[in-house]
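*Asks:*
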Amino acid sequence: MNLKILKLLVLLVLISITISCAENNNPEDSAVMPEDTTVVQIHGLLQVNGNRILDQHSAPVCFAGNSFFWSNDNWGGERYYKSEVVSWLKLDWKTTIVRAAMGVEDPGGYLDNKTANKNRVKTVVDAAIDEGLYVIIDWHSHHAEDNTNEAALFFQEMANLYGEYDNVIYELYNEPLDISWSNIIKPYAISIIATIRAIDPDNLIIVGTPEWSQRVDLAAADPITGYSNIAYTLHFYTVHHQQWLRDRASAALNDGIALFVTEWGSIGYSQIDSEANEWMTWCFDNKISHCNWAVNDKEEEWSILIPGASTSGGWSDDDLTDAGKLARNIIRNWPE
Ligand code: MG
């Protein structure tokens, strides 16, 4: 090989290396990875470990999002059970978790009209799966132990439909009243957990606690054993529940159970912004996920929307209540 040809070859190799490096430095090359990576793609199946909830990489996680209102026929909140609303909450509120609150015993609830209420739940769950969000299937009841068989059949169907999806979380009993944890709620929960686990061995299950899901101390003193991936419900409304409930919940965490705030409510910036801040700081410090009550336009302090706001999302600031503005600010800025 003569020298000229050798030099030419060396030059060609150098040029090709340079081009290849330039290509690799091109940021568009990272498009090999899907750009729209969802929260569920990142974190996967949630897993209780002690008093924390871990993601698929064993990192403690907590998510911020929205609870829908009771699904009951003609209560108003059912009009918001739409895929467009889920999409809007993801896009504009940066919500990472939604909760379908299926009313059970009251008029227009599941026992009255199974098809309509179940379809509303499925609409929200399917939309959450499409959008890559976590979603809670909530048996929104104050008397679940009165209809254990109905609850078992419902969760059997949900586990068959959705047990394969990392998105899905089962909530067995929204808010028990002032009844026994050990003698009523716990046996109810164990029977539903057994039904779900026969189909779905691994998705997170959340169990309500006495006195409107505030007596997490009672669950901590007598937790459910024999099944894994179980957390317990804590609810708070800033007008009623302050430091005393945080202290109780902190003690329950110290006793070793994991908590999940499937509902919280504030009346917005006007009066007790500072109490909402206290709670959010506590949730963040303790890695506790939370869903804000509620996606609805009913004229009450907890609604995020003013009466008549669109039932398909696309809301402007003027469509939000005081509570809605505060909740949006918290959820949008929640550090992942
Ligand atoms: Mg599963």
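Quick note, in this note's numbering, the sequence shown goes up one by one and the last residue is 670.
Every residue gets a Cβ at the ideal spot worked out from N, C-alpha and C, and that includes glycine.
Quantities reported herein were computed from a predicted structural model and do not represent experimental measurements.
Heavy atom of the ligand MG less than 7 Å from the Cβ of N563, yes or no?
*Replies:* Flag unset: Cβ of N563 not near the ligand MG.
*Asks:* Just to confirm the assignment, what range does the alpha helix (DSSP H) spanning N663 have?
*Replies:* First-last of the alpha helix (DSSP H) with N663: 656-666.
*Asks:* Going by DSSP in three states, V420 sits in which element: helix, strand or coil?
*Replies:* Helix.
*Asks:* Comparing the CB of D389 with every heavy atom of the ligand MG, is any distance shorter than 7 Å?
*Replies:* Not so, every heavy atom of the ligand MG lies at least 7 Å from the Cβ.
*Asks:* Any heavy atom of the ligand MG inside 7 Å of the beta-carbon of E633?
*Replies:* No - the ligand MG has no heavy atom lying nearer than 7 Å to the Cβ of E633.
*Asks:* Any heavy atom of the ligand MG closer than 7 Å to the beta-carbon of G437?
*Replies:* No, the Cβ of G437 stays beyond 7 Å of every heavy atom of the ligand MG.
*Asks:* Got a list of residues with beta-carbon closer than 5 Å to any non-hydrogen atom of the ligand MG, in chain order?
*Replies:* This selection yields G497, D534, D536, N537.
*Asks:* Throw me the rounded Cβ distance for the P535 and W515 pair, which I believe falls under 8 Å.
*Replies:* P535 to W515, Cβ: 25 Å. No contact.
*Asks:* Need the endpoints of the alpha helix (DSSP H) that R531 sits in, please.
*Replies:* 520-531 is the extent of the alpha helix (DSSP H) around R531.
*Asks:* Give the straight-line distance between the Cα atoms of L538 and L511, rounded to the nearest whole angstrom.
*Replies:* Going from the Cα of L538 to the Cα of L511 covers about 23 Å.
*Asks:* Decide if T449 is buried, meaning its Cβ has at least 16 other Cβ atoms within 10 Å, or exposed.
*Replies:* Classification for T449: exposed.
*Asks:* Can you list, in chain order, the residues of its chain whose CB lies under 7 Å from that of G466, leaving out five sequence neighbours each side?
*Replies:* Result list for G466: T372, V373, V374, Q375, in chain order.
*Asks:* Do you know how far the Cα of W473 is from the Cα of S600?
*Replies:* When rounded, the distance between both Cα atoms is 23 Å.
*Asks:* May I have the straight-line CA-CA distance separating W616 from A493, to the nearest angstrom?
*Replies:* About 32 Å.
*Asks:* How about G658 and S421: are their beta carbons less than 8 Å apart?
*Replies:* Contact flag unset, no.
*Asks:* Buried or exposed: where does Q548 fall if 16 or more other Cβ atoms within 10 Å of its Cβ makes it buried?
*Replies:* Under this definition Q548 is a buried residue.
*Asks:* Determine contact between the segment 445-464 and the segment 400-418, defined as no fewer than three beta-carbon pairs at a distance below 8 Å.
*Replies:* Judged by Cβ distances under 8 Å, the segment 445-464 makes contact with the segment 400-418, as three or more pairs qualify.
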